[in-house]
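Student: Dumping the structure here so I can ask a few things about it.
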Amino acid sequence: MTTAAPFQQARGRLKEQAPLAARSWFRTGGAADWLFVPQDAEDLATALRQCPSDLPVTVLGACSNVIIRDGGLPGLTIRLAGGFANIETDGDGLIAGAAALDSSVAETAAQARMAGFAFLSTIPGSIGGAVCMNAGAYGDDLSTLLDWVEILTREGTIQRLPAPALEMRYRHSSLPEGSIVLRARLKAHGAEDPATIQQTMQEMRASREASQPLRARTGGSTFRNPEGHKAWELIDAAGCRGLRHGGAQISEKHCNFMLNTGDATSTELEELGEMVRARVLDRSGITLHWEIRRLGRPLSPASPS
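By full-length UniProt numbering, the letter at position 156 of the sequence shown is numbered 156, and the numbering carries on one by one without gaps.
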């Protein structure tokens, strides 16, 4: 993509060679060929309808569980902001835009006396990403709340899908390929006293603060838990707690977290993750699968597994 001509009808902001590292929680990565911030859903639909079908399109949310590779993101990168972060009460539930932070949704639900949302207060991401990966914590995940999701297809058509159509399971949902989450309706598990909900959220946050390196440059859980196992236990048993590679390190506090100790590159982070996967496989025979999404062009080869 060498010209902005196909997007002349779009009303949002379009920028060429937009730096992305500052948006990532790891604070690493290259630039987007083009970064588009749409004004609203119709603006985004217009842009997608104008997009060449072979143009890569990447959607970025809170960038909490993402490694943006050092070669940057090809094609068009979309960042949802503004009205895409709206949250509104809707009878026995909430309708949240894709850019609404999970923690903000939890707080809004608590104020509205809605039960079942407390776990979202501990997830450092946005609702769009939570739908895509069926985000969860403390024994709950988004599938327990989701009523329906509104998506925009790659062809620029808005569709509403009921929750069962997504076939949600552990860290997975079956969204149509190339679709973009616009908003979702989340149904409460009944009513509860706001003070009780706040207390639950405070306890969850304190537990997370005590066990995870939240004040470091990290991307959350690195690998999914294999069935019947905990990823951190496998990593610890393989001798990877505190393992370093360049400026990247496996956390001493919680060894399913990778850290940028200050000068890491995305390449070093990804290579460290592959080192851990290899050591765990060698010791236990179990293959760890990435939970962190790795996006864009690497500057050096890395396993796509």
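Every residue, glycine too, gets a C-beta built ideally from N, C-alpha and C. All figures in this text were calculated on a predicted structure; none of them were measured in a lab.
Looking at the structure shown, is GLY129 part of a helix, part of a strand, or coil, going by DSSP?
Tutor: If DSSP states are grouped into helix, strand and coil, GLY129 belongs with the helices.
Student: Using CA coordinates, which residue listed in GLN202, ASP263, ASN260, TRP290 is at the minimum distance from residue 314?
Tutor: Past the edges of the chain, shown from 1 to 305, lies residue 314, and the structure says nothing about it.
Student: What is the rounded straight-line gap between the Cα of ILE180 and the Cα of THR218?
Tutor: Approximately 25 Å, taken between the alpha carbons.
Student: Figure out for me which residue from LEU101, ALA231, ARG27, PHE84 has the closest Cα to the Cα of ASP70.
Tutor: For ASP70, the nearest C-alpha among the options comes from ARG27.
Student: Which word fits ARG297, buried or exposed, when buried means at least 16 other C-beta atoms lie within 10 angstroms of its C-beta?
Tutor: Answer is exposed; the Cβ neighbour count stays below 16.
Student: Quick one: residues in its chain with C-beta nearer than 8 Å to the C-beta of GLU270, no 5 flanking neighbours on either side, listed in chain order?
Tutor: Only ILE67, ARG69, ARG294, PRO298, ALA302 meet the Cβ criterion.
Student: According to DSSP, is SER303 part of a helix, a strand, or is it coil?
Tutor: Reliability of the predicted coordinates at SER303 is poor, the pLDDT of 47 falling under 50, and no value is obtained from them.
Student: Would the stretch 31–48 count as touching the stretch 249–263 if we require 3 or more Cβ pairs under 8 Å?
Tutor: Cβ pair count under 8 Å is below three, so no.
Student: Contact between the stretch 166–173 and the stretch 92–105 is defined here as three or more beta-carbon pairs at a separation below 8 Å; is this criterion met?
Tutor: No, they do not touch.
Student: Compare the Cα-Cα distances from CYS240 to each of ALA184, VAL276, HIS229, LEU20 and report the closest residue.
Tutor: Looking at the Cα atoms, VAL276 is the closest of the given residues.
Student: Just list the alpha helix (DSSP H) runs in the stretch 44–130, keeping only unbroken ones of 4 residues or longer that don't cross its boundaries, in chain order.
Tutor: You should have 102–111.
Student: Is DSSP giving MET1 helix, strand or coil here?
Tutor: In this predicted model, MET1 has a pLDDT of only 46, less than 50, meaning its place in the structure is not dependable enough to derive any value.
Student: Would DSSP call ILE197 helix, strand or coil?
Tutor: Three-state DSSP puts ILE197 in a helix.
Student: Please find out if some non-hydrogen atom of the ligand GTP comes closer than 8 Å to the beta-carbon of ASN86.
Tutor: Among the components of this structure there are no ligands whatsoever, and the ligand GTP is therefore not found.
Student: Roughly how many whole angstroms lie between the Cα atoms of ARG208 and ALA18?
Tutor: Near 33 Å, if we compare the C-alpha coordinates of ALA18 and ARG208.
Student: Alpha carbon to alpha carbon, how far is ASP33 from LEU73? Give it in angstroms, no decimals.
Tutor: Distance between the alpha carbons of LEU73 and ASP33 is about 6 Å.
Student: If distances are taken between C-alpha atoms only, which option among LYS15, LEU20, GLY29, PHE7 comes closest to THR265?
Tutor: Of the candidates LYS15, LEU20, GLY29, PHE7, the one whose C-alpha sits nearest the C-alpha of THR265 is GLY29.
Student: Would you mind working out which of GLY285, GLU88, ALA184 sits nearest THR144, comparing C-alpha positions?
Tutor: Ranking GLY285, GLU88, ALA184 by Cα distance to THR144 puts ALA184 first.
Student: With C-beta atoms as the reference, is LEU20 less than 9 Å away from LEU60?
Tutor: Yes, the pair counts as a contact, with Cβ atoms nearer than the cut-off.
Student: Might you give, ordered along the chain, the residues of its own chain that have their beta carbon closer than 7 Å to the beta carbon of GLU192, omitting 5 neighbours on each side?
Tutor: Only ARG113, ALA115 meet the Cβ criterion.
Student: Determine the burial state of GLU233: buried for a count of at least 16 other Cβ atoms within 10 Å of its Cβ, exposed for fewer.
Tutor: Counting Cβ neighbours within 10 Å, GLU233 comes out exposed, since fewer than 16 surround it.
Student: Counting only the same chain and skipping the five closest in sequence on each side, list residues whose C-beta sits under 8 Å from that of ASP111.
Tutor: One point to set straight first is that residue 111 is Gln, not Asp, in the sequence displayed. Contacts found: PRO194.
Student: Which stretch, first to last residue, makes up the alpha helix (DSSP H) that contains ASP236?
Tutor: Start and end: 231–237.
Student: What runs of the beta strand (DSSP E), each 3 residues or longer, lie entirely inside the stretch 168–194?
Tutor: Entirely contained in the stretch 168–194, the beta strand (DSSP E) runs reaching 3 residues are, in chain order, 180–187.
Student: I'd like the list of long-range same chain contacts for GLU177, defined as Cβ closer than 8 Å, with 5 residues on each side in sequence excluded.
Tutor: Correct list, in chain order: ARG154.
Student: With a 10 Å radius around its C-beta and 16 neighbouring C-beta atoms as the bar for buried, classify ASP282 as buried or exposed.
Tutor: Result: exposed.
Student: What does the alpha-carbon distance come out to for the pair HIS229 and ALA238?
Tutor: If I take the Cα positions, the gap works out to 14 Å.
Student: Could you please give the first and the last residue of the uninterrupted alpha helix (DSSP H) stretch that includes GLU16?
Tutor: Segment 13–19 is the beta strand (DSSP E) holding GLU16; no alpha helix (DSSP H) there.
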